[in-house]
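J.: Protein sequences, first through last, are from chains A and B. The numbering used here numbers the first residue of the first sequence as 1 and each following residue consecutively. The numbering used here numbers the first residue of the second sequence as 1001 and each following residue consecutively.
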Amino acid sequence: DTGVSQDPRHKITKRGQNVTFRCDPISEHNRLYWYRQTLGQGPEFLTYFQNEAQLEKSRLLSDRFSAERPKGSFSTLEIQRTEQGDSAMYLCASTLGGDYGYTFGSGTRLTVV
Amino acid sequence: GENVEQHPSTLSVQEGDSAVIKCTYSDSASNYFPWYKQELGKGPQLIIDIRSNVGEKKDQRIAVTLNKTAKHFSLHITETQPEDSAVYFCAASELGDMRFGAGTRLTVKP
């Protein structure tokens, strides 16, 4: 297990389409986070999972966004009816939990045209 | 919720000089303060962290200081090298709920 993997690395989609991103965390990490990062900004928290339970969602996460972690391993983030404002880097991170540093994936860069 | 402010937004230094980046946080319950380095096209990478029961931590050319009373912490990089050029983010966390600063773009000129 070499780290956190995200797929795809890049996604270009037309406005109104649905997109789904996948994150594979480090296997022994039970916490998984999704962040969004726009140019020149720090990562903004979207949601996180403790095992398969989604424990917190940001107000940034509109009804068009949904995330799952069905078996407590990989996670998916779906955006429905994409808008141009959704264009950003979507980062996944995992950690053992509590006060441990996150290991980030390389992100999925979404461009909505 | 936690609010983290980071300064400066850009920093340019000559190779061999020191660089200092400062952050303040709002939630006194925060007890874990990591720093991340992000290179172009990559996710942030943890470079050093400090917990609230420690005032200073050093790892080779990198050090972090924490002042809990004032709610601020700083990253110090000594003997900077061109490969230190990147965007650096501070973060503050309580029980894993981590919030990030807006980042500092550090440029080290050879």
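Here a beta-carbon is modelled for each residue, glycine too, at the ideal position from N, C-alpha and C.
Under DSSP, the beta strand (DSSP E) around residue 1072 of chain B begins and ends at which residues?
T.: Residues 1072 to 1077.
J.: Do you know how far the Cα of residue 1035 of chain B is from the Cα of residue 1070 of chain B?
T.: C-alpha separation (whole angstroms): 18 angstroms.
J.: For residue 1094 of chain B, tell me which candidate among A:89, A:101, A:91 has the shortest Cα-Cα distance.
T.: The shortest Cα separation from residue 1094 of chain B among A:89, A:101, A:91 belongs to A:101.
J.: Rounded to a whole number of angstroms, what is the C-alpha to C-alpha distance between residue 59 of chain A and residue 1048 of chain B?
T.: Answer to the nearest angstrom: the Cα atoms are 29 angstroms apart.
J.: From A:21, A:4, A:17, pick the residue whose C-alpha is nearest to that of residue 30 of chain A; which is it?
T.: Of the candidates A:21, A:4, A:17, the one whose C-alpha sits nearest the C-alpha of residue 30 of chain A is A:4.
J.: Is it the case that the CB of residue 1068 of chain B approaches a heavy atom of the ligand MN more closely than 7 angstroms?
T.: The ligand MN is absent from the structure shown, which contains no ligands of any kind.
J.: Within the 8 angstroms Cβ cut-off, does residue 1070 of chain B reach chain A?
T.: So no, residue 1070 of chain B is outside the interface.
J.: Alpha carbon to alpha carbon, how far is residue 1018 of chain B from residue 1079 of chain B?
T.: Taking the straight line from one Cα to the other gives about 6 angstroms.
J.: Would residue 1081 of chain B and residue 1015 of chain B be called neighbours here (beta carbons separated by less than 8 angstroms)?
T.: Yes.
J.: Please state whether DSSP places residue 1084 of chain B in a helix, a strand or coil.
T.: Note: residue 1084 of chain B maps to helix in three-state DSSP.
J.: Nearest chain A C-beta to residue 1055 of chain B closer than 8 angstroms, yes or no?
T.: No, because no Cβ of chain A sits closer than 8 angstroms to the Cβ of residue 1055 of chain B.
J.: Please list the terminal residues of the continuous beta strand (DSSP E) segment that includes residue 64 of chain A.
T.: Residue 64 of chain A -> no beta strand (DSSP E), and no H or E assigned at all.
J.: Buried or exposed for residue 43 of chain A, going by 16 or more other Cβ atoms inside 10 Å?
T.: By the 10 Å Cβ count, residue 43 of chain A comes out buried.
J.: Rounded to whole angstroms, what is the Cα-Cα separation between residue 103 of chain A and residue 1107 of chain B?
T.: Approximately 24 angstroms, taken between the alpha carbons.
J.: For residue 1022 of chain B and residue 38 of chain A, I'd like the C-alpha separation in whole angstroms.
T.: The alpha-carbon atoms of residue 1022 of chain B and residue 38 of chain A are separated by roughly 21 angstroms.
J.: Taking a contact to mean a Cβ-Cβ separation below 8 angstroms, would you say residue 105 of chain A touches residue 1041 of chain B in this structure?
T.: Not in contact: residue 105 of chain A and residue 1041 of chain B (Cβ atoms no closer than 8 angstroms).
J.: For the stretch 1071 to 1089 of chain B, which residues have a CB atom closer than 8 angstroms to at least one CB atom of chain A, in sequence order?
T.: If the cut-off is 8 angstroms between Cβ atoms, the stretch 1071 to 1089 of chain B has 1089 near chain A.
J.: Sorted by chain position, which residues of the same chain lie with C-beta nearer than 6 angstroms to residue 1091 of chain B's C-beta, five sequence neighbours on each side aside?
T.: Excluding positions up to five away in sequence, the list reads 1034, 1098, 1100.
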